[in-house]
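Per this note's numbering, the sequence shown runs over residues 35 to 111.
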Amino acid sequence: MAARIEKLLAEEIAERGFEDFDEAKYAAYKDACLAFVDERIELYNSLAAWLSTNFSVWGLNRSLGPRRYVLLEGSRP
35 MAARIEKLLA EEIAERGFED FDEAKYAAYK DACLAFVDER IELYNSLAAW
85 LSTNFSVWGL NRSLGPRRYV LLEGSRP
């Protein structure tokens, strides 16, 4: 993930034409990008953990169509 962020950040800096982008500033931006991605992963993992503990079984109600999911069993949020 860090390598991908480095590549995207370098491309973005070049595309926008930032001139005085020294190593310290680059490292700070890279760290901020990594922290942002880590926070998103933590948020989504927390949400997935909450859903898995609060809803034991999810099912598909075919009468409502293929994209309409209903709670079959489990506790309410």
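Built from N, CA and C at the ideal position, the CB exists for glycine as well. These numbers were taken from a predicted model, which means no experiment stands behind them.
For residue j and residue i, the rounded distance between their alpha carbons
i, j, result
"residue 61", "residue 43", "10 angstroms"
"residue 82", "residue 63", "29 angstroms"
"residue 53", "residue 39", "20 angstroms"
Coarse secondary structure for residue i, derived from DSSP in three states
i, result
"residue 72", "helix"
"residue 54", "coil"
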